[in-house]
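**Student:**
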Amino acid sequence: MDSAGAFRSGHEKVVWGGKRVGFGPESGVRMIQSDKYDHEMAEHESGGVLKSLVEIKGLTKQFGYVSAIDNVSLDIPEGAFFSLLGPSGCGKTTLLRIIAGLERPTSGDIVLDGKSIRGTAPERRPFNLVFQTYALFPHLTVADNIAFGPRVQRSGRRKRSALVEEVNEALRLVELDGLGDRMPSELSGGQAQRVALARALINRPRLLLLDEPMAALDRHVRLMMREQLLRIHAATGTTFLLVTHDQEEALSMSDSIALMRDGCVEQLADPHTLYQQPSSLFAAQFIGTGSLLPALFKERRGEKVVVEVAGSVISARCADAVAGTHGRLLLRPEEVSLVPPAQGVLVGPVRTSTFLGHRTEVVVGTEIGDVRALSEKVVKPGECVGVSWNETAGVALKDAGA
């Protein structure tokens, strides 16, 4: 990138909100010619804290005797890609609808820029929502779908030529140049999703709400759309709030993830911490794959705990383990090695061997439970192997209900 902020790659630059934006080939990272933005990102990357855009304070939502949301508090930083992740029925969509103003909370508050918006009507909140079904108007062209919001909000105050340019700008942003005259029925699923994004973003929302927008797409298109969403987030600097049950989506796109369970936030962390340091057995089981082996927690040593597993003593990362109790040791597949039986901490037959192209995922049946491992070579089911791990592997977790 040169000093003017333009990519040398020759990728087209898009004017978005008065800022020239280029999409580079490296990783979809944004480069925006904006002193304010550069200062804020430099502060963030050097350990500073971005200011809060939306604060969720003790939100509760009851449907009869059922608490769909139970005293949830969150802080969504301005410019962040924030995700609400969890299984069906955990309350993530209800929370999104409360933030959007489509549901009223039973108690608690929603604060935007330091001011309560709990009683503010949905249309008066500077938020836009992209639905799972996209909700495009079938009788309007792509361009008219995108222009719908500005026409409603700024009727009589916006010249037609200016609106046409805004629509073209939005189409370029989502890489749908030249498709403005198409009807929704003529679009693929991925194209329809991008039209829905453009329709939401043309209103310049402070917060873009995404309600499982990729759930209806096949895997290949979903992967492409993840990259597209990251590029759009990077280009606009808009705060994104994604609701998803797909851990891969959340881990690959988010700055922060709120993992939800039964209407509560189970853990709030960045993706790396959520994967490497789950705070509970539920978080460990929901995020990623791994082996949960019975263990004895012998002694706490700061953030580590001495753990005995199958006669082997290791120093594991400590989540909620209590010394002198029994619990589980979480081992991620990449922490486990396949070795000759004589060298293994545990020994057993290969139950399954799944070839994934660049690696083979192996499940080994041992006397204390199945152990998952990654192997660079193909191992046949039924073959007897040993498994081992280093002395600082794993996370110590107390059993559910303990």
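Just so we're aligned, residue 1 is where the sequence shown starts under UniProt numbering, counting upward by one. No residue lacks a Cβ here, since even glycine has one placed at the ideal position from N, Cα and C.
So, with DSSP's three-state summary, where would you put residue 322?
**Tutor:** To locate residue 322, count along the sequence shown from 1; it is residue 322. Coil at residue 322, not helix or strand.
**Student:** Can you name, in chain order, every residue of its own chain whose Cβ lies under 7 Å from the Cβ of residue 28, other than the five neighbours on each side?
**Tutor:** Residue numbering aside, residue 28 sits at position 28 when the sequence shown is read from its first letter. In this predicted model, residue 28 has a pLDDT of only 36, less than 50, meaning its place in the structure is not dependable; the value taken from the coordinates is given anyway. Within the same chain, residue 28 has close Cβ partners 227, 230, 231, 234.
**Student:** Let me check understanding here. Comparing Cα to Cα, which of 217, 81, 57, 77 lies closest to residue 421?
**Tutor:** For residue 421 there is no data in the structure shown, the boundaries of the chain being 1 and 402.
**Student:** Given this structure, state the Cα-to-Cα distance separating residue 238 from residue 186, to the nearest angstrom.
**Tutor:** Working through the sequence shown from its first residue, we reach residue 238 at position 238. Working through the sequence shown from its first residue, we reach residue 186 at position 186. For residue 238 and residue 186, the distance between alpha carbons rounds to 29 Å.
**Student:** If we ignore side chains and look at the alpha-carbon of each, how far apart do residue 328 and residue 264 end up?
**Tutor:** Translated into positions along the sequence shown, residue 328 becomes position 328. Translated into positions along the sequence shown, residue 264 becomes position 264. So the alpha carbons of these two residues sit roughly 23 Å apart.
**Student:** Can you name, in chain order, every residue of its own chain whose Cβ lies under 7 Å from the Cβ of residue 141, other than the five neighbours on each side?
**Tutor:** If you number the sequence shown from 1, residue 141 lands on position 141. Cβ within range, chain order: 180, 181, 182, 183.
**Student:** Alpha carbon to alpha carbon, what distance is there between residue 203 and residue 289?
**Tutor:** On the sequence shown, residue 289 is found 289 positions in, with the first residue counted as 1. On the sequence shown, residue 203 is found 203 positions in, with the first residue counted as 1. Distance between the alpha carbons of residue 289 and residue 203 is about 40 Å.
**Student:** Let me know if residue 364 comes out buried or exposed under the rule of 16 or more other beta-carbons within 10 Å of its beta-carbon.
**Tutor:** Taking the sequence shown and counting its residues from 1, one reaches residue 364 at position 364. Classification of residue 364: buried, given that the 10 Å Cβ count is 16 or more.
**Student:** Do residue 120 and residue 101 have their C-beta atoms closer together than 8 Å?
**Tutor:** The residue you call residue 120 lines up with position 120 of the sequence shown. The residue you call residue 101 lines up with position 101 of the sequence shown. Yes, the pair counts as a contact, with Cβ atoms nearer than the cut-off.
**Student:** Using only the alpha-carbon positions, how far apart do residue 322 and residue 206 sit?
**Tutor:** Taking the sequence shown and counting its residues from 1, the one referred to as residue 322 is at position 322. Taking the sequence shown and counting its residues from 1, the one referred to as residue 206 is at position 206. Computed Cα separation, rounded: 44 Å.
**Student:** So what does DSSP say about residue 314, is it helix, strand or coil?
**Tutor:** Counting from 1 along the sequence shown, the entry for residue 314 is found at position 314. Note: residue 314 maps to strand in three-state DSSP.
**Student:** Residue 70 by DSSP, collapsed to three states: which one?
**Tutor:** Position 70 of the sequence shown, counting from 1, holds the residue named residue 70. Residue 70: strand per DSSP, three-state reduction.
**Student:** Inspect the beta-carbon positions of residue 260 and residue 242 and report whether they are closer than 8 Å.
**Tutor:** Position 260 of the sequence shown holds residue 260. Position 242 of the sequence shown holds residue 242. Not a contact, by the Cβ cut-off of 8 Å.
**Student:** At which residues does the alpha helix (DSSP H) containing residue 388 begin and terminate?
**Tutor:** What you label residue 388 is simply residue 388 of the sequence shown in a count that begins at 1. No alpha helix (DSSP H) contains residue 388, which is instead part of the beta strand (DSSP E) from 384–388.
**Student:** Could you tell me the alpha carbon to alpha carbon distance between residue 196 and residue 380, rounded to whole angstroms?
**Tutor:** Counting from one through the sequence shown, the residue named residue 196 turns up at place 196. Counting from one through the sequence shown, the residue named residue 380 turns up at place 380. Roughly 47 Å separates the two Cα atoms.
**Student:** Taking only runs of the alpha helix (DSSP H) that begin and end inside the segment 267–352, which ones reach a length of at least 4 residues, in chain order?
**Tutor:** For the segment 267–352, whole alpha helix (DSSP H) runs of length 4 or above, ordered along the chain, are 271–276, 281–286.
**Student:** Using DSSP with H/G/I as helix, E/B as strand and the rest coil, what is residue 372?
**Tutor:** Indexing the sequence shown from 1 puts residue 372 at position 372. Strand at residue 372.
**Student:** Using a Cβ-Cβ cut-off of 8 Å (strictly less than) and excluding sequence neighbours within five positions of residue 360, which residues of its own chain qualify?
**Tutor:** As a first step, residue 360 is located in the sequence shown; it is residue number 360 there, counting from the start. Answer for residue 360: 353, 354, 374, 375, 376, 377, 378, 379, listed in chain order.
**Student:** Evaluate residue 295 with the Cβ neighbour count: other Cβ atoms within 10 Å of its Cβ, from every protein chain shown; 16 or more gives buried, anything less gives exposed.
**Tutor:** Numbered from its first residue, the sequence shown carries residue 295 at position 295. Buried.
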